[in-house]
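Below: the structure, in structure tokens.
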Amino acid sequence: MTGQRSERLPRAQRREQILAAATTAFARAGFAATSLDDVAHEAGISRMIVYRHFDSKRDLYRQALERIGDLIAVAAQAEKIDISTLHAFIAAAAAEPDGFRLLFRHAAREPEFRAEVEELRRGMASATHEQIAGRIDDPVWATWAANCIPLVLSETIMAWLDAGQPDPESISDRVRHALNGVIEAAGGNLDGDGSSEG
62 MTGQRSERLP RAQRREQILA AATTAFARAG FAATSLDDVA HEAGISRMIV
112 YRHFDSKRDL YRQALERIGD LIAVAAQAEK IDISTLHAFI AAAAAEPDGF
162 RLLFRHAARE PEFRAEVEEL RRGMASATHE QIAGRIDDPV WATWAANCIP
212 LVLSETIMAW LDAGQPDPES ISDRVRHALN GVIEAAGGNL DGDGSSEG
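Sequential numbering of the sequence shown, starting at 62, is according to this note's numbering.
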């Protein structure tokens with residue numbers, strides 16, 4: 062069976078296979094606890110084949126992050142962020158749950174890769190700020206909302222993935238309501254005097 066799984070593949074296809082296997086292995090155990098042998102086992106190939114495509118575990122991890130980052134960027138690419146962008150972002154997460162978790166949960170905890178994840182979050186916050194600044198009068202609260210929204214977006218989608226992707230038809234609307242809550246709070250659209258209601 063292993064021989065069948067490790068049949069010769071075109072270089073680009075083999076590389077994609079290794080990246081997908083690495084994404085799963087790293088998402089399961091993290092960078093430090095995952096060896097290249099673990100990645101090779103996940104892919105059904107030898108460690109030597111992994112080394113033919115990637116210089117090191119660090120190189121493989123970084124390229125796995127870039128792969129999922131590129132998939133999400135393509136899915137969410139649009140002139141204006143709207144419900145269709147949100148649908149595409151969620152669809153990318155649903156198609157690559159291990160990659161989404163690797164990028165937004167695990168890599169942020171890895172000292173070597175934290176800066177790259179922060180750069181991604183800053184880019185998302187900047188794009189968000191461009192979209193919402195006109196809806197919030199106070200520039201300080203607009204910045205606050207722009208920084209909160211990428212966090213709320215990634216965390217709500219991860220919680221949905223962790224719950225087994227229930228009710229996929231309604232998840233975009235549910236996430237949109239959570240994001241709109243941040244915008245409303247930043248705009249000062251709060252009920253009463255801001256005290257919590259029982």
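From the three backbone atoms N, C-alpha and C, an ideal C-beta is built for every residue, glycine too. From a predicted model like this one, the values you see are computed outputs, not experimental measurements.
| said: Any contact between the region 103-118 and the region 163-175? By contact I mean 3 or more CB pairs, one from each, below 8 Å. | reply: Because the criterion of three Cβ pairs below 8 Å is not met, the region 103-118 and the region 163-175 do not touch.
| task | Kindly indicate which three-state DSSP category Q192 falls into: helix, strand or coil? | result | As a first step, residue 192 is located in the sequence shown; it is residue number 131 there, counting from the start. Helix.
| query | What's the gap between the Cα of D89 and the Cα of L121? | reply | In the sequence shown, counting from the first residue as 1, residue 89 sits at position 28. In the sequence shown, counting from the first residue as 1, residue 121 sits at position 60. Note that residue 89 corresponds to Arg in the displayed sequence, not to Asp. Between R89 and L121, the C-alpha separation is close to 15 Å.
| How is G198 classed by DSSP in three states: helix, strand or coil? | Counting from 1 along the sequence shown, the entry for residue 198 is found at position 137. The question names Gly, yet the displayed sequence has Asp at residue 198. Here D198 sits in coil by DSSP.
| said: What does the Cβ neighbour count give for S256, buried or exposed, with the cut at 16 atoms within 10 Å? | reply: Mapped onto the sequence shown, residue 256 falls at position 195. Because S256 carries a pLDDT of 41, less than 50, the predicted location of this residue cannot be relied on, and the following value inherits that uncertainty. By the beta-carbon neighbour count (other beta carbons within 10 angstroms, threshold 16), S256 is exposed.
| field | Contact set for A97: own chain, Cβ-Cβ below 6 Å, skip 5 residues either direction | value | As a working mapping, residue 97 is identified with position 36 in the sequence shown. Here residue 97 is Leu; the residue named in the question, Ala, does not match the sequence. For L97, where only same-chain residues beyond five positions count, the Cβ hits under 6 Å are R108, V111 and K118.
| In terms of alpha-carbon separation, which member of G249, N241 and E245 lies closest to R143? | As a working note, residue 143 is residue 82 in the sequence shown. The identity of residue 143 in the sequence shown is Asp, whereas the question assumes Arg. Of G249, N241 and E245, the smallest CA-CA separation from D143 is found for N241.
| Short check: CB of R123 to CB of L80, under 8 Å? | Along the sequence shown, read from residue 1 onward, the residue named residue 123 stands at position 62. Along the sequence shown, read from residue 1 onward, the residue named residue 80 stands at position 19. No, they are not a contact pair.
| CB of I232 within 8 Å of CB of W221, strictly | What you label residue 232 is simply residue 171 of the sequence shown in a count that begins at 1. What you label residue 221 is simply residue 160 of the sequence shown in a count that begins at 1. A contact, by the Cβ cut-off of 8 Å.
| query | Nearest to E180 by CA position, among G130, E245 and R72, is which residue? | reply | Counting from one through the sequence shown, the residue named residue 180 turns up at place 119. It is G130.
| said: Distance check for R182 and G91, CA to CA, integer angstroms please. | reply: As a position in the sequence shown, residue 91 is number 30, starting the count at 1. As a position in the sequence shown, residue 182 is number 121, starting the count at 1. Taking C-alpha positions only, G91 is separated from R182 by approximately 20 Å.
| said: Tell me which residues share the same chain as W205 and place their Cβ nearer than 8 Å to its Cβ, disregarding the 5 neighbours each side in the sequence. | reply: Your numbering for residue 205 matches position 144 in the sequence shown. So the list reads A247, once near-sequence residues are dropped.
| field | Cα-Cα separation, A176 to D198 | value | Walking along the sequence shown from the start, residue 176 turns up at place 115. Walking along the sequence shown from the start, residue 198 turns up at place 137. Between A176 and D198, the C-alpha separation is close to 31 Å.
| task | Return the residue from the list I106, F87 and A93 that minimises the CA-CA distance to R275. | result | Residue 275 cannot be examined here, being either before or after the span of the chain that is shown, 62 to 259.
| query | With distances taken from CA atoms, which of I218, G225, P200 and D228 is nearest A239? | reply | Here residue 239 refers to the residue found at position 178 when the sequence shown is read from its first residue. Distances from the alpha-carbon of A239 to those of I218, G225, P200 and D228 put I218 closest.
| DSSP three-state assignment for S215, whether helix, strand or coil | Residue 215 sits at position 154 when you count from the first residue of the sequence shown. Three-state DSSP puts S215 in a helix.
| Helix or strand or just coil, what does DSSP make of G225? | Against the sequence shown, residue 225 aligns to sequence position 164. In the structure shown, G225 sits in coil (DSSP, three-state: anything other than H, G, I, E or B).
| Distance between beta carbons of E157 and L126, contact taken as under 8 Å | Counting from one through the sequence shown, the residue named residue 126 turns up at place 65. Counting from one through the sequence shown, the residue named residue 157 turns up at place 96. With a contact defined as Cβ atoms closer than 8 Å, L126 and E157 miss out at about 12 Å.
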